[in-house]
Amino acid sequence: MPDVGFLLVITVVLALAFDYINGFHDTANAVATVVSTRVLSARNAIMMAAVLNFAGAMLATQVAKTVASGIVQTNMATEIVVLAAVFAAIVWNLVTWFFGIPSSSSHALIGGLVGASMAHGGTSVVKWSGLLDKVILPLVGSPVAGFLVGYLLMITIAWFASHANPTRAGRLFKGPQVFSSSLMAFSHGQNDAQKSMGIITLTLVTHGFLAKPEVPIWVMFACALAMALGTAAGGWRIMHTVGQKISRLDPVHGFAAETSSAAVILTAGHFGMPISTTQTITASIFGVASSRRLSAVRWNVARSVVIAWFVTLPASGLLGAGCYTFFSLFDR
């Protein structure tokens, strides 16, 4: 059987690697629209997102506590379970990144954790009420909220600006879009970096290094830094899908999409819901584009994105169970 201390170190390292991959996988969430509208250069937008991802990750722990104690029974989350969960999430993230599919890193990690836990101890290990309230319902609710808020915000802006010169109005939203993109980057860091914080905290509680699932400051700093570095590396494949393939965007549309999605993400984070920032910003873009006309959305792209949303949780769950079964062969 491998040394427990060695497995703990490997798990922490893999969790930070997941955070790094999450960073470049989800760079598009914050900067795709501001780059596609040519308000900021890709380099400047990515650097801005990296800094604000770090800042957001250092300011909250509600989501991390949900991951650490609200999804599965803490005493059943062995080092092999957590290791399998993180490994499965990394595999799913890399596969979807390679194909340019904006899937959810959050649900990949949670799916991996649930699948590995069930492979270890059966269905009773999962806290089904917590999974339903904090994951499943927000899985459906956050994209719907993003779509509706984006649609209504865009309709409101269009009503107020109905008599304005289109060219002048477009220029007026360049500054606000920098702000909205910054807010989106901050909210992404605050929500997504906490997933790895929760996994590491869960591991530390399981091994007796922590008495309760309170996130240590060094865990917050390490996860925030890993995500910021990953964001700085960029995620060009998914950026192209989010920023250009779904619909043609102008600065006003980017502002509306980013503002609405950031509002949904920050609200969910306040209540400890580990929602998908990818799903939320993508749905907001759908909503903003639909406010012009339904044909403004490239629905063939939208269909593949929506399918990825609902496939991620069960697919990563199966991967988590498979990884647990494989790793257990060496746990003797």
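Each residue of the sequence shown is one higher than the last, beginning at 267 in the working numbering.
Glycine is no exception: its CB is placed at the ideal position from the N, C-alpha and C atoms.
Which residues bound the alpha helix (DSSP H) around Leu-470?
The sequence position of residue 470 within the sequence shown is 204, counting from 1. Residues 440-472.
Roughly how many angstroms lie between the CA atoms of Gln-545 and Ala-424, to the nearest whole one?
Residue mapping note: residue 545 aligns to position 279 of the sequence shown, counting from 1. Residue mapping note: residue 424 aligns to position 158 of the sequence shown, counting from 1. Each residue's Cα considered, the two are about 24 Å apart.
Is Val-481 helix, strand or coil by DSSP?
For the purposes of this step, residue 481 is taken as residue 215 along the sequence shown, with counting starting at 1. Val-481 falls in the coil class under three-state DSSP.
Considering Ser-395, what are the terminal residues of the alpha helix (DSSP H) in which it resides?
Numbered from its first residue, the sequence shown carries residue 395 at position 129. Counting along the chain, the alpha helix (DSSP H) containing Ser-395 begins and ends at 394-397.
If Met-493 sits next to Asp-458, beta carbons under 8 Å apart, how far is it from one beta carbon to the other, in whole angstroms?
Against the sequence shown, residue 493 aligns to sequence position 227. Against the sequence shown, residue 458 aligns to sequence position 192. Sure, about 7 Å apart at Cβ, within 8 Å.
Could you check how far apart the C-beta atoms of Val-471 and Pro-479 are, in whole angstroms? I think they sit under 8 Å.
Stepping through the sequence shown from its first residue, residue 471 is reached at position 205. Stepping through the sequence shown from its first residue, residue 479 is reached at position 213. Yes, they are in contact, since the Cβ atoms of Val-471 and Pro-479 sit about 5 Å apart, within 8 Å.
Run through DSSP, which three-state label would Val-338 get?
As a first step, residue 338 must be located in the sequence shown, where it is residue number 72. Reduced to three states, the DSSP call for Val-338 is strand.
Kindly give me the distance between the Cβ atoms of Leu-579 and Gly-455, rounded to whole angstroms, as I take these residues to be in contact under 8 Å.
In the sequence shown, residue 579 corresponds to position 313, counting from 1. In the sequence shown, residue 455 corresponds to position 189, counting from 1. Between Gly-455 and Leu-579 the Cβ distance is about 23 Å, and since that is not below 8 Å, they are no contact.
In three-state DSSP terms, what is Pro-517?
To locate residue 517, count along the sequence shown from 1; it is residue 251. In the structure shown, Pro-517 sits in a helix (DSSP, three-state: H, G or I).
May I have the straight-line CA-CA distance separating Gly-271 from Ser-557, to the nearest angstrom?
If you number the sequence shown from 1, residue 271 lands on position 5. If you number the sequence shown from 1, residue 557 lands on position 291. Each residue's Cα considered, the two are about 55 Å apart.
Can you tell me whether Ala-477 is buried or exposed, with buried defined as 16 or more other CB within 10 angstroms of its CB?
Mapped onto the sequence shown, residue 477 falls at position 211. Exposed is the call here.
Determine contact between the region 443-453 and the region 523-542, defined as no fewer than three beta-carbon pairs at a distance below 8 Å.
These segments touch.
Hey, how far is the Cα of Val-279 from the Cα of Gly-474?
Locating residue 279 in the sequence shown gives position 13, where the first residue counts as 1. Locating residue 474 in the sequence shown gives position 208, where the first residue counts as 1. Taking the straight line joining both Cα atoms gives about 18 Å.
Return the Cβ separation of Val-300 and Gly-520 in integer angstroms, given the expectation that the two are a contact with Cβ distance under 8 Å.
Position 34 of the sequence shown, counted from the first residue, corresponds to residue 300. Position 254 of the sequence shown, counted from the first residue, corresponds to residue 520. The Cβ separation is near 6 Å, so the contact holds.
Between the region 380-391 and the region 335-350, do at least 3 Cβ pairs fall closer than 8 Å?
Touching, per the Cβ criterion.
Taking Ala-555 as part of the alpha helix (DSSP H), name the residues at either end of that continuous run.
Locating residue 555 in the sequence shown gives position 289, counting from the first residue. Per DSSP, Ala-555 belongs to the alpha helix (DSSP H) from 543-558.
At which residues does the alpha helix (DSSP H) containing Phe-413 begin and terminate?
Residue numbering aside, residue 413 sits at position 147 when the sequence shown is read from its first letter. Its alpha helix (DSSP H) spans residues 403-426.
Quick check: the Cα distance between Thr-277 and Glu-345, rounded to an integer number of angstroms?
Sequence index remark: in the sequence shown, residue 277 carries index 11 (1-based). Sequence index remark: in the sequence shown, residue 345 carries index 79 (1-based). Their Cα atoms are separated by approximately 7 Å.
Okay, do the region 349-366 and the region 389-398 touch, 3+ Cβ pairs below 8 Å being the bar?
No contact exists between the region 349-366 and the region 389-398.
Just verifying my parser: in three-state terms, what is the DSSP assignment at Ile-367?
In the sequence shown, residue 367 corresponds to position 101, counting from 1. In this structure, Ile-367 counts as coil in the three-state DSSP scheme.
At the 8 Å Cβ level, is Asp-516 part of the contact set with chain D, yes or no?
Annotation note: the requested chain D is absent from the structure, which comprises a single protein chain.
Measuring straight from C-alpha to C-alpha, what distance separates Arg-559 and Leu-398?
Locating residue 559 in the sequence shown gives position 293, where the first residue counts as 1. Locating residue 398 in the sequence shown gives position 132, where the first residue counts as 1. Between Arg-559 and Leu-398, the C-alpha separation is close to 34 Å.
Return the chain-ordered list of same chain residues with a C-beta closer than 7 Å to the C-beta of Thr-591, the five sequence neighbours on each side being excluded.
Locating residue 591 in the sequence shown gives position 325, counting from the first residue. Excluding residues within five positions, the ones whose Cβ falls inside 7 Å are Ala-385.
What do you get for Met-267, buried or exposed, if any count of 16 or more other CB atoms within 10 angstroms of its CB means buried?
For the purposes of this step, residue 267 is taken as the residue at position 1 of the sequence shown. Low confidence applies to Met-267: its pLDDT is 49, below 50, so where it sits in the model is not reliable, and the reading given next is rough at best. Under this definition Met-267 is an exposed residue.
Closest to Gly-253 by C-alpha separation, out of Ile-541, Ala-587 and Cys-589, would be which residue?
Only positions 267 to 598 of the chain appear in this structure, which leaves residue 253 out of reach.
Determine the DSSP secondary structure at Thr-326, reduced to helix, strand or coil.
The count along the sequence shown starts at 1 and reaches residue 326 at position 60. Checking the sequence shown, residue 326 turns out to be Ala, not Thr. In this structure, Ala-326 counts as coil in the three-state DSSP scheme.
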